[in-house]
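**Student:** One structure, pasted below without further comment.
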Amino acid sequence: MSPVPERWKGKCENGTDFGPSACNRKLIGAQSFSKGLHASGKKISKEDDFKSARDYTGHGTHTSSTAAGTHVLGTSHFGYAKGTARGIAPNARIAMYKVLWSTSTEETAATDVLAGMDRAIADGVDIMSLSLGFTQTSYFKDVIAMASLSAIEKGIVVICAAGNDGGPNTTYNGAPWITTVGAGTVDRSFAGKMHLGNGATVEGTSYFPESIYITDTPLYYGERNRSKATCNLYALDPKEVDSKVVLCDNSGNISVIKQMIEVFRAGGYAGIFMADHVALGPAGSFIPSLVLKTSSGTSVREYATKAKKAMVKSMRFMMTSLGTKPAPQVARFSSRGPDPISPGVLKPDILAPGADILAAVAPNKPFTSIGNYDLVTDYALYSGTSMAAPHVAGVAALLKAVHQDWSPAAIRSAIMTTANLVDNTGTTFKDQWTGLHATPLDFGAGHINPNKAMDPGLIYDMGFQDYIEFLCRLGYSKKQMSAVLRRNEWSCSQNPIDLNYPSFVAIFPKGASSIKEKNFSRVVTNVGDDTATYQAVLVVPTGMRIKVEPSTLTFTSKFQKQSFAMSVEVDKDATNITSGYLKWFDQANHIVSSPIVAISG
1 MSPVPERWKG KCENGTDFGP SACNRKLIGA QSFSKGLHAS GKKISKEDDF KSARDYTGHG
61 THTSSTAAGT HVLGTSHFGY AKGTARGIAP NARIAMYKVL WSTSTEETAA TDVLAGMDRA
121 IADGVDIMSL SLGFTQTSYF KDVIAMASLS AIEKGIVVIC AAGNDGGPNT TYNGAPWITT
181 VGAGTVDRSF AGKMHLGNGA TVEGTSYFPE SIYITDTPLY YGERNRSKAT CNLYALDPKE
241 VDSKVVLCDN SGNISVIKQM IEVFRAGGYA GIFMADHVAL GPAGSFIPSL VLKTSSGTSV
301 REYATKAKKA MVKSMRFMMT SLGTKPAPQV ARFSSRGPDP ISPGVLKPDI LAPGADILAA
361 VAPNKPFTSI GNYDLVTDYA LYSGTSMAAP HVAGVAALLK AVHQDWSPAA IRSAIMTTAN
421 LVDNTGTTFK DQWTGLHATP LDFGAGHINP NKAMDPGLIY DMGFQDYIEF LCRLGYSKKQ
481 MSAVLRRNEW SCSQNPIDLN YPSFVAIFPK GASSIKEKNF SRVVTNVGDD TATYQAVLVV
541 PTGMRIKVEP STLTFTSKFQ KQSFAMSVEV DKDATNITSG YLKWFDQANH IVSSPIVAIS
601 G
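Residue numbers (UniProt numbering): 1 to 601.
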């Protein structure tokens, strides 16, 4: 890589098992922050942490290599997902700021996160990616919101994970100046395959990290005892299951991991587990195992029940399948909107890959185990919105490199308005948990499309004063405004306009009139061809009416701005969540898409 830019002010600090020599033209900064931890009387653990910027858990290594890791050949997760790994922006430089410790609490971490973010701003970073979050609270008490606003003022793009709470109203990091990222699945699955004595073949999810081949092994199912059938703790008799493949029924109230522990305790050779919703992480397969959906496992159960001598003829693992459908789905753990602090701003903003993501981890550290043997790896599969956020951070870095004059809001707008709206079956994304179609409250503007984001056609731009105007409308006291703005002077317009966001949320409280209406105003900037004409196309569901004025926008020069107004109406008997889309089309194949969400009641 080229020499480190002269404008860079960061450094690599000395510490335990880490020093400046570990940095280079790729890793150009590494600092740790622990004053908040020490001020509380806590200490940095010597057993499960490093008193330095060095990563102990592997979380920071995984996220940074996802965002900007270089090409590495021959990577895999113990034989799964084999191939060449690279980050989204492999030519970007990385600066790491360690702000969380094994002994951190929310209270101690707040001070250290704020210090780390302020240092990153002062050092001159271009993109800030945070795969962490605090309990949702007002912006004047939210250190990430406060520091992020300071970063935005300096032109720094801030990308944050939406959180892993899964249900509605659970998004974290939802301030409108932050790009908030939800997690989607990918079109890749990991499996094992089993051939039964009756000739049937069954495939199920598996992460078992050893290349073994099981043949001609008895299949056990405790059909006459419900506790044995569901592999409840201490229910299995070692004399009955020793060296057998054990089938565990779906009980609904015992996790697959606990069933796996029971099979291991009783001496079972392998396990087959029936479950429809299972968070079986890659570190969870410590015995040979397959996880089958209940519908698929029924035939296995019938065979095990009826056969005089049920057998597993063969069982093998380490299978990676591509083109899995449907994908992406909204990952079951990904936090959904409406945002608990500002429900009128659509969050998450965007969906990105966040399930079973292969990236680098801390080396020489046990990742999983088989029996009493620990297994280590340099690359591993992680899941979470923590994994989704660095994908977007990498795309933001690519956009910043191509469009150096774009603001953080412009970069977010490009990402949002060019997002994919359908999965690989051509239909609306599904919610992995319910199996039903998801809404923009689950996936935001859609699933990120990096190539299209490079040329969005139009952008919804904003500056620092726009966010001040947003805060002015929240009714904060002078002290509260001063806290979030981190200054004592600011100005509020007497006639504030709408936040120029690339999405629309209309909230209608209970008891509204028979027809509920909400008006919006927006300004778009032409960043495409010098001359362009855009036509509005509306996707309107039953029970909703949308009007746009004007419906045609004509631009005669690049960077020219045009404004439009939009009204949204919903019937009094409309469903609680109704969503549509505004799409601007031009003659150059640009499609500038924005979700419209109406929340009633």
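We put the beta carbon where it would ideally sit given N, CA and C, even for glycine.
Values in this document were obtained by computation on a predicted structure and should not be read as measured data.
Given a threshold of 16 other Cβ atoms within 10 Å of its Cβ, counted over all protein chains shown, does Lys9 qualify as buried or as exposed?
**Tutor:** Residue mapping note: residue 9 aligns to position 9 of the sequence shown, counting from 1. Lys9 should be labelled exposed.
**Student:** From the DSSP output, which residues share a beta bridge with Asn526?
**Tutor:** For the purposes of this step, residue 526 is identified with residue 526 of the sequence shown, where counting begins at 1. Asn526 is bridged to Leu458.
**Student:** Evaluate Pro3 with the Cβ neighbour count: other Cβ atoms within 10 Å of its Cβ, from every protein chain shown; 16 or more gives buried, anything less gives exposed.
**Tutor:** On the sequence shown, residue 3 is found 3 positions in, with the first residue counted as 1. Classification of Pro3: exposed, given that the 10 Å Cβ count is below 16.
**Student:** What do you reckon, are the CB atoms on Ala67 and Ala89 nearer than 8 Å?
**Tutor:** Indexing the sequence shown from 1 puts residue 67 at position 67. Indexing the sequence shown from 1 puts residue 89 at position 89. Result yes, Cβ atoms of Ala67 and Ala89 sit closer than 8 Å.
**Student:** With distances taken between CB atoms, is the gap from Val568 to Met544 smaller than 8 Å?
**Tutor:** What you label residue 568 is simply residue 568 of the sequence shown in a count that begins at 1. What you label residue 544 is simply residue 544 of the sequence shown in a count that begins at 1. Yes, Cβ-Cβ distance for Val568 and Met544 is below 8 Å.
**Student:** With a CB to CB cut of under 6 Å and the five nearest residues on each side skipped, what residues in its chain are close to Ala397?
**Tutor:** If you number the sequence shown from 1, residue 397 lands on position 397. Within the same chain, Ala397 has close Cβ partners Ala89, Ala92, Ile127.
**Student:** Here's a check: name, in chain order, each residue in its chain whose Cβ is nearer than 8 Å to the Cβ of Thr531, leaving out the five neighbours to either side.
**Tutor:** Locating residue 531 in the sequence shown gives position 531, counting from the first residue. Excluding positions up to five away in sequence, the list reads Phe555, Thr556, Ser557.
**Student:** What does the alpha-carbon distance come out to for the pair Thr215 and Val246?
**Tutor:** As a first step, residue 215 must be located in the sequence shown, where it is residue number 215. As a first step, residue 246 must be located in the sequence shown, where it is residue number 246. Answer to the nearest angstrom: the Cα atoms are 14 Å apart.
**Student:** Just checking my contact of Asn253 with Thr294 at CB under 8 Å: how many whole Å lie between their CB atoms?
**Tutor:** Counting from 1 along the sequence shown, the entry for residue 253 is found at position 253. Counting from 1 along the sequence shown, the entry for residue 294 is found at position 294. Incorrect: roughly 14 Å between the Cβ atoms, too far for contact.
**Student:** Glu223: which of Ile28, Thr217, Leu236, Ile212 sits nearest, CA to CA?
**Tutor:** In the sequence shown, the residue the question calls residue 223 occupies position 223. Ranking the options by Cα distance to Glu223, first place goes to Leu236.
**Student:** Roughly how many whole angstroms lie between the Cα atoms of Leu196 and Pro282?
**Tutor:** The residue labelled residue 196 in the question sits at position 196 within the sequence shown. The residue labelled residue 282 in the question sits at position 282 within the sequence shown. Those two C-alpha atoms are separated by around 25 Å.
**Student:** Over the uninterrupted beta strand (DSSP E) stretch that includes Phe508, give me the two end residues.
**Tutor:** Indexing the sequence shown from 1 puts residue 508 at position 508. 504-508 is the extent of the beta strand (DSSP E) around Phe508.
**Student:** Out of curiosity, what's the CA-to-CA distance linking Ala453 and His391?
**Tutor:** For this step, residue 453 is matched to residue 453 along the sequence shown. For this step, residue 391 is matched to residue 391 along the sequence shown. Cα to Cα, Ala453 sits roughly 13 Å from His391.
**Student:** For Leu130, tell me which candidate among Asn169, Gly182, Pro238, Thr230 has the shortest Cα-Cα distance.
**Tutor:** Sequence index remark: in the sequence shown, residue 130 carries index 130 (1-based). Cα-wise, what sits closest to Leu130 is Gly182.
**Student:** Specify, as a first and last residue, the run of the beta strand (DSSP E) that Thr185 falls within.
**Tutor:** For the purposes of this step, residue 185 is taken as residue 185 along the sequence shown, with counting starting at 1. Counting along the chain, Thr185 falls outside any beta strand (DSSP E), and DSSP gives it neither H nor E.
**Student:** On the DSSP letters alone, give me the boundaries of the alpha helix (DSSP H) that Ile257 sits inside.
**Tutor:** Your numbering for residue 257 matches position 257 in the sequence shown. Segment 256-266, the alpha helix (DSSP H) holding Ile257.
**Student:** Can you tell which of Gly601, His62, Thr418 has the C-alpha that lies nearest to the C-alpha of Ile357?
**Tutor:** The count along the sequence shown starts at 1 and reaches residue 357 at position 357. Selected option, being the one with the closest Cα: His62.
**Student:** Got a sec? Which residues, its chain only, sit under 6 Å from Ser563 by beta carbon, not counting five neighbours each side?
**Tutor:** Walking along the sequence shown from the start, residue 563 turns up at place 563. Same-chain partners within the cutoff: Val523.
**Student:** With a 10 Å radius around its C-beta and 16 neighbouring C-beta atoms as the bar for buried, classify Phe559 as buried or exposed.
**Tutor:** Working through the sequence shown from its first residue, we reach residue 559 at position 559. With fewer than 16 other Cβ atoms inside 10 Å of its own Cβ, Phe559 counts as exposed.
**Student:** Please report the residue range of the alpha helix (DSSP H) in which Arg301 lies.
**Tutor:** Here the question's residue 301 lines up with position 301 in the sequence shown. Start and end: 294-306.
**Student:** Can you tell me which of the three DSSP states His403 falls into?
**Tutor:** In the sequence shown, residue 403 corresponds to position 403, counting from 1. The answer is coil: DSSP assigns His403 none of H, G, I, E or B.
**Student:** For a minimum of 4 consecutive residues, which ranges assigned as the alpha helix (DSSP H) are wholly contained in the stretch 423-479?
**Tutor:** 440-443, 450-453, 464-472
**Student:** In whole angstroms, what separates the C-alpha of Pro209 from that of Pro238?
**Tutor:** As a working note, residue 209 is residue 209 in the sequence shown. As a working note, residue 238 is residue 238 in the sequence shown. Approximately 24 Å between the Cα atoms of the pair.
**Student:** Would you check if there are 3 or more beta carbon pairs closer than 8 Å linking the stretch 372-380 to the stretch 105-121?
**Tutor:** no
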